[in-house]
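S.K.: Going by full-length UniProt numbering, the letters in the sequence shown line up with residues 1 to 248, in that order.
Each residue gets a CB set at the ideal place from its N, CA and C atoms; glycine is no exception.
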Amino acid sequence: MQFAAIADIHGNHPALAAVLADIRAQGISDIVDLGDCFSGPLGAGKTADLLIPFALPTVRGNHDRYLIEQKPEAMHASDKVAHEQLLPHHLDWLRSLPTKLVYQEEAYLCHATPGDDNLYWLESVAPEGHVFLKPQEEIEALAEGIDFPLILCGHTHIPRAVRLSHGRLIVNPGSVGCPAYNDEKPYPHKVETGHPMASYAILEKSASGWTPYFRNVPYDHMAMSTLAKANGRPDWAAALATGRMPPF
Numbered sequence: 001m002q003f004a005a006i007a008d009i010h011g012n013h014p015a016l017a018a019v020l021a022d023i024r025a026q027g028i029s030d031i032v033d034l035g036d037c038f039s040g041p042l043g044a045g046k047t048a049d050l051l052i053p054f055a056l057p058t059v060r061g062n063h064d065r066y067l068i069e070q071k072p073e074a075m076h077a078s079d080k081v082a083h084e085q086l087l088p089h090h091l092d093w094l095r096s097l098p099t100k101l102v103y104q105e106e107a108y109l110c111h112a113t114p115g116d117d118n119l120y121w122l123e124s125v126a127p128e129g130h131v132f133l134k135p136q137e138e139i140e141a142l143a144e145g146i147d148f149p150l151i152l153c154g155h156t157h158i159p160r161a162v163r164l165s166h167g168r169l170i171v172n173p174g175s176v177g178c179p180a181y182n183d184e185k186p187y188p189h190k191v192e193t194g195h196p197m198a199s200y201a202i203l204e205k206s207a208s209g210w211t212p213y214f215r216n217v218p219y220d221h222m223a224m225s226t227l228a229k230a231n232g233r234p235d236w237a238a239a240l241a242t243g244r245m246p247p248f
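#1: How would you label residue 248, buried or exposed, when you count the other beta carbons within 10 angstroms and need 16 or more for buried?
#2: Using 8 Å as the threshold, is the C-beta distance between residue 12 and residue 42 below it?
#3: Report the option in 75, 83, 174 whose CA atom is closest to the CA atom of residue 94.
#4: Assuming residue 119 contacts residue 139 under a Cβ cut-off of 8 Å, what Cβ separation, rounded to an integer in Å, is found between them?
#5: At what residues does the beta strand (DSSP E) containing residue 2 begin and finish?
#6: One question on the structure: do residue 219 and residue 25 come within less than 8 Å of each other, judged by their Cβ atoms?
#7: So, is residue 147 buried or exposed, given that buried needs 16 or more other C-beta atoms within 10 angstroms?
#8: Under a CB-based cut-off of 8 Å, is residue 157 close to chain C?
#9: Compare the beta carbon distance of residue 203 and residue 176 with 8 Å and say whether it is the shorter of the two.
#10: Would you list the one or two residues that DSSP bridges to residue 217?
#11: Taking 8 Å as the threshold (C-beta atoms), are residue 152 and residue 32 in contact?
#12: Looking at the unbroken alpha helix (DSSP H) that takes in residue 78, where does it start and where does it end?
#13: What separation, rounded to the nearest whole angstrom, lies between the Cα atoms of residue 17 and residue 141?
#14: Nearest CA to the CA of residue 99: which residue from 92, 90, 111, 105?
#15: Based on the DSSP secondary-structure assignment, which residues constitute the bridge partners of residue 212?
#16: I'd like to check one pair, residue 188 with residue 129: are the Cβ atoms closer than 8 Å?
#17: Given residue 155, which residues of its chain have a CB within under 6 Å of its CB, disregarding the five upstream and five downstream residues?
#18: Just confirm the distance between the C-beta atoms of residue 217 and residue 22, as a whole number of angstroms; I'd bet it's less than 8 Å.
#19: If we ignore side chains and look at the alpha-carbon of each, how far apart do residue 236 and residue 102 end up?
#20: Run the CB neighbour count on residue 55, radius 10 Å, all protein chains shown included, and call it buried at 16 or more, exposed below.
Quick look at the structure:
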């Protein structure tokens, strides 16, 4: 059994197109999507038109939720830019998404954690802003009651795999469309991959269990960096150009 996992596209339609092409080139037809599909100062409408017809098993992310729960005037900048591009049927598709699902009776899917779409599962943030691998017991606690061999989450944009008890494996495939970002909670911090490529993962089951293969795909990231700058987001422009964030 083999399939691909994508997450955190954030309205980056050329990155999504490049990843879908790379998945096809690997001979893989089955794909799951871990959410945060459209929000960002890029091409939300074009991303929706590309993604939705694939009818992928998809869970709703926190930014997907913001787009359907908040009024435009209350939205943060990235969500507001995306909302202005989305048509009613795009928003209806977001409303139809579950917060979690099980794929092929093998993989549990959620965006961030099972109970909170805005909580880091595999990472913690120190008061001084350092992002580090969360202690094993804290990761295990969030996985309590999830009795599937493979668990998939996104949200932090950091490709990572952690082995859990009883052989379970939890995997974050990384971000298709946003290789770095700043956040203020729980403390001001940066998440940076250090490269501008689009990330995703291939999951393969063998006699010994599930193995993730992380892939990074080049695309015209500078075009998206230029678009982000034109839309008033120099922070996104830096992230898309380099995979790093400018100083706070």
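M.R.: Reading from the atomic positions:
#1: exposed
#2: yes
#3: 83
#4: Wrong, their Cβ atoms sit about 12 Å apart, outside the cutoff.
#5: 2-6
#6: no
#7: exposed
#8: The question asks about chain C, but that chain is absent: this structure has only one protein chain.
#9: no
#10: 198
#11: yes
#12: 77-85
#13: 36 Å
#14: 111
#15: 203
#16: yes
#17: 111, 112
#18: 5 Å
#19: 33 Å
#20: exposed
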